[in-house]
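*Asks:* Using our numbering, count along the sequence shown one by one with no gaps and you end on 220. Have a look at this one before I ask anything.
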Amino acid sequence: MENANIGQCSSSCSQETEPKHCWVCFGTDEDDYESNRDWVSPCKCRGSTRWVHQNCVQRWVDEKLKENLSVKAHCPQCHTQYIIVYDEVNYLVRILNKLDKTANQLCPFLAAGVVVSTLYWSAASYGAITMMQVMGEREAITMMENTDSYMLLLVLPSIPFSLILCKTINWEETLLLFVQRFTSQLPLLRTIMPSFLREPVNSSTSTVQFNSVVNPTT
């Protein structure tokens, strides 16, 4: 029994007398400014690497977590998970933290909704103005009042997109090629309209003329 007590005493004394090295700031217990700094052993490491300053390990854990409580902090040497106990915060602080977390989760969806709504109502307004310029203000308003509201919500925003497609896609030439290839198989049309079967010339004149009629604002 005495031998066991002597062994325990020698091991504890050796741990207390061994030099302490902080693995965060690399400071030692022999430095002059170490008298006011607390040393802790938060993991299963042995030797000089088991010691670390209380302030240093707290700062290291804060940088590791980065305010994300779902991340687990481990010792970089022995990979022991640190059990972090937070102080009890005020009820108002907990409410503010929950509101901040909820706002961070909802902000991307709210921003996307604002952008989509802005684009939608801008397109709908442009479509209504285009109808007034083409048909006249009174006739356009009368027609929109007599049309189903759900139909207007679908048709009005599609007007500016259709005008853009008419300017960017040379669909007249494609349609003409399709008609020519289809009618070339009919002998009667080859006899009546031989010039209709010629290949069309790639030009943007027809597109510009068509757009000037469809889009009165240009």
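By construction, the Cβ of each residue, glycine as well, lies at the ideal position given by its N, Cα and C atoms.
1. Tell me where the alpha helix (DSSP H) around Trp33 begins and ends.
2. Is it buried or exposed, Ala126, if we count other Cβ atoms within 10 angstroms and call 16 or more buried?
3. Taking C-beta to C-beta, are Ile161 and Tyr128 nearer than 9 Å?
4. Can you check whether the CB of Cys77 is closer than 9 Å to the CB of Cys47?
5. Count the other C-beta atoms from every protein chain shown that fall within 10 angstroms of the C-beta of Val116, then say buried if there are 16 or more, exposed otherwise.
6. Suppose you measure from the CA of Arg39 to the CA of Cys80; what does that come to, to the nearest Å?
7. Where does Val87 sit, in a helix, a strand or coil, going by DSSP?
8. Shortest alpha-carbon distance to Cys24 belongs to which of Val118, Leu154 and Thr51?
9. I think Val73 touches Val54, with their Cβ atoms under 8 Å apart; what is that distance to the nearest whole Å?
10. Can you tell me the Cα-Cα spacing of Lys22 and Tyr84, whole angstroms?
11. Which of the three DSSP states is assigned to Trp123 in this structure?
12. Hey, how far is the Cα of Tyr88 from the Cα of Gln60?
13. Per DSSP, which one or two residues make a beta bridge with Trp2?
*Replies:* So, from the listed chains and residues:
1. Numbered from its first residue, the sequence shown carries residue 33 at position 31. Trp is not the amino acid found at residue 33; the sequence shown has Asp there. Neither: Asp33 is in no alpha helix (DSSP H) and is coded neither H nor E.
2. Counting from 1 along the sequence shown, the entry for residue 126 is found at position 124. That one is buried.
3. Mapped onto the sequence shown, residue 161 falls at position 159. Mapped onto the sequence shown, residue 128 falls at position 126. Result yes, Cβ atoms of Ile161 and Tyr128 sit closer than 9 Å.
4. To locate residue 47, count along the sequence shown from 1; it is residue 45. To locate residue 77, count along the sequence shown from 1; it is residue 75. The answer is yes: Cβ separation under 9 Å.
5. Translated into the one-based positions of the sequence shown, residue 116 becomes position 114. It counts as exposed.
6. The count along the sequence shown starts at 1 and reaches residue 39 at position 37. The count along the sequence shown starts at 1 and reaches residue 80 at position 78. So the alpha carbons of these two residues sit roughly 24 Å apart.
7. Residue 87 sits at position 85 when you count from the first residue of the sequence shown. Three-state result, Val87: coil.
8. Here residue 24 is taken as the residue at index 22 of the sequence shown, counted from 1. Considering only alpha carbons, the answer is Thr51.
9. Residue mapping note: residue 73 aligns to position 71 of the sequence shown, counting from 1. Residue mapping note: residue 54 aligns to position 52 of the sequence shown, counting from 1. Going by Cβ atoms, the distance from Val73 to Val54 rounds to 19 Å, so no, they are not a contact pair.
10. By one-based count along the sequence shown, residue 22 stands at place 20. By one-based count along the sequence shown, residue 84 stands at place 82. Whole-angstrom Cα-Cα distance: 20 Å.
11. Locating residue 123 in the sequence shown gives position 121, counting from the first residue. In the structure shown, Trp123 sits in a helix (DSSP, three-state: H, G or I).
12. In the sequence shown, residue 88 corresponds to position 86, counting from 1. In the sequence shown, residue 60 corresponds to position 58, counting from 1. Those two C-alpha atoms are separated by around 11 Å.
13. Since the displayed the chain opens at 3 and closes at 220, residue 2 lies outside it and no answer follows.
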